[in-house]
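Asker:
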Amino acid sequence: MKIVFLGTGAAVPAKNRSPTSIAIKFNGETFLFDCGEGTQRQMIYTDVSPMKIDNIFITHLHGDHILGIPGLLQSMGFNGRRDHINIYGPPETEGIINGMLNMGYHSINFQVNVYEIPIEKPYCILESESYKIYSYPMEHSVPTLGYVFKEKKKPQLDIKRAIELGINVGPDLKKLKEGYSVVSKDGRKIHPEDVLLPPKRGISIGYSGDTLPLKDFGKFLKSLDCNILIHEATFDSSKKENAFETMHSTIEDAVNIGTIGGVEELILTHISARYDDSMEVYLNEVINLSREKNLNITIAEDLMEFPLKKGK
Numbered sequence: 040m041k042i043v044f045l046g047t048g049a050a051v052p053a054k055n056r057s058p059t060s061i062a063i064k065f066n067g068e069t070f071l072f073d074c075g076e077g078t079q080r081q082m083i084y085t086d087v088s089p090m091k092i093d094n095i096f097i098t099h100l101h102g103d104h105i106l107g108i109p110g111l112l113q114s115m116g117f118n119g120r121r122d123h124i125n126i127y128g129p130p131e132t133e134g135i136i137n138g139m140l141n142m143g144y145h146s147i148n149f150q151v152n153v154y155e156i157p158i159e160k161p162y163c164i165l166e167s168e169s170y171k172i173y174s175y176p177m178e179h180s181v182p183t184l185g186y187v188f189k190e191k192k193k194p195q196l197d198i199k200r201a202i203e204l205g206i207n208v209g210p211d212l213k214k215l216k217e218g219y220s221v222v223s224k225d226g227r228k229i230h231p232e233d234v235l236l237p238p239k240r241g242i243s244i245g246y247s248g249d250t251l252p253l254k255d256f257g258k259f260l261k262s263l264d265c266n267i268l269i270h271e272a273t274f275d276s277s278k279k280e281n282a283f284e285t286m287h288s289t290i291e292d293a294v295n296i297g298t299i300g301g302v303e304e305l306i307l308t309h310i311s312a313r314y315d316d317s318m319e320v321y322l323n324e325v326i327n328l329s330r331e332k333n334l335n336i337t338i339a340e341d342l343m344e345f346p347l348k349k350g351k
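Encoded structure:
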């Protein structure tokens, strides 16, 4: 499992940063969060395959978060994709995507499913045996969603105890993990509770999209036991007025939300192009706040990979 930062810039492309796009790779699936201009080109320099993306999550409909979608879909068609793709986003997403599908001549011969998510309250929008994905209404100049990717807790087996009880190692262990009883070698019925340890904590990743700082989002992250928060920090905190006027967040804002959420790792992204020539002011504030709050803070860079282990 890992996070791949394809683009970490703000409203316009910069010399060192492309517009926003983040991929989460998990158990053979790839989830794409936002798809700014040039996203598919960024993928060339990573192990993110466009053909493995089945779900795209759009935070909002500003161009720096969606203008990579038409090219990405057309390239998928050019390369012979036949599997459907799901695109999730705020209200009006369907009309925007339909417009993209009508752009120029192309060979998109696969189904594009669009799901518009209400912005009045949080929703669980996707669930499998191993994960859940939630949306959360954020506060920006247009309807905006944040997202949380939550790995479900997995049962752990006490292998030593299982062997002592005479369980056939292999299929029987799998059955016990799935909640079924099995019969031991000497004919005794063994129940899951006989050999199961407390479930292992999964990894949960929050993503803010573009937003003013929302304490309630931090509380939502806390309720989901989030380990990692990817939060926009367009400006350093000396530009607080700029952030408020444009409905964005500062470094300090992001740190405060991460603290409320109780996360172990804060990753800052959506960095303004004004810092392209020098990150000194931005970096110094991050270092100082990291020490002050005793919080791990990372400034995302284009093509940065953030590997994760289960629960860590």
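When we follow the working numbering, the leftmost residue of the sequence shown carries the number 40, and every step to the right adds one. Heads up, the beta-carbon is just placed ideally off N, CA and C, and yes, glycines get one too.
Can you check which of these residues, L253, L45, K216, is closest to P237 by C-alpha distance?
Answerer: P237 has its Cα closest to that of K216, out of L253, L45, K216.
Asker: Under 9 Å, do G185 and Y127 count as touching if we go by C-beta distance?
Answerer: For G185 and Y127, no; Cβs fall outside 9 Å.
Asker: Write down every uninterrupted run of the alpha helix (DSSP H) in the stretch 126–170 whose length is 4 residues or greater and which is fully enclosed by it, in chain order.
Answerer: Fully enclosed alpha helix (DSSP H) runs of 4 or longer: 132–140.
Asker: Just to confirm before moving on: does the CB-CB distance between Y73 and I42 stay below 9 Å?
Answerer: It should be noted that the sequence gives Asp, not Tyr, for residue 73. Result no, Cβ atoms of D73 and I42 do not sit closer than 9 Å.
Asker: In the structure shown, what three-state DSSP assignment does L111 receive?
Answerer: Of the three classes helix, strand and coil, the one that applies to L111 here is helix, per DSSP.
Asker: Residues bridged to Y173 by DSSP?
Answerer: DSSP, once it has assigned bridges, lists C163, V187 as partnering Y173.
Asker: For H270, name the three-state secondary structure that DSSP assigns.
Answerer: Strand, per DSSP.
Asker: Rounded to whole angstroms, what's the CA-CA distance from M343 to Y144? Just pull it up for me.
Answerer: Between M343 and Y144, the C-alpha separation is close to 34 Å.
Asker: Have a look at T132 and M82 and give me their C-alpha separation to the nearest angstrom.
Answerer: If you take the alpha carbons of T132 and M82, they lie about 24 Å apart.
Asker: For a test of the three-state rule: what should DSSP assign to P52, helix, strand or coil?
Answerer: Residue state, collapsed to three classes: coil.
Asker: With a threshold of 8 Å, are at least 3 pairs of Cβ atoms found where one atom belongs to the stretch 145–159 and the other to the stretch 194–207?
Answerer: The stretch 145–159, when compared against the stretch 194–207, does not touch it at the 8 Å Cβ threshold.
Asker: Keeping to the same chain, check which residues put their C-beta closer than 6 Å to that of E303; ignore five residues upstream and five downstream.
Answerer: The residues are N266.
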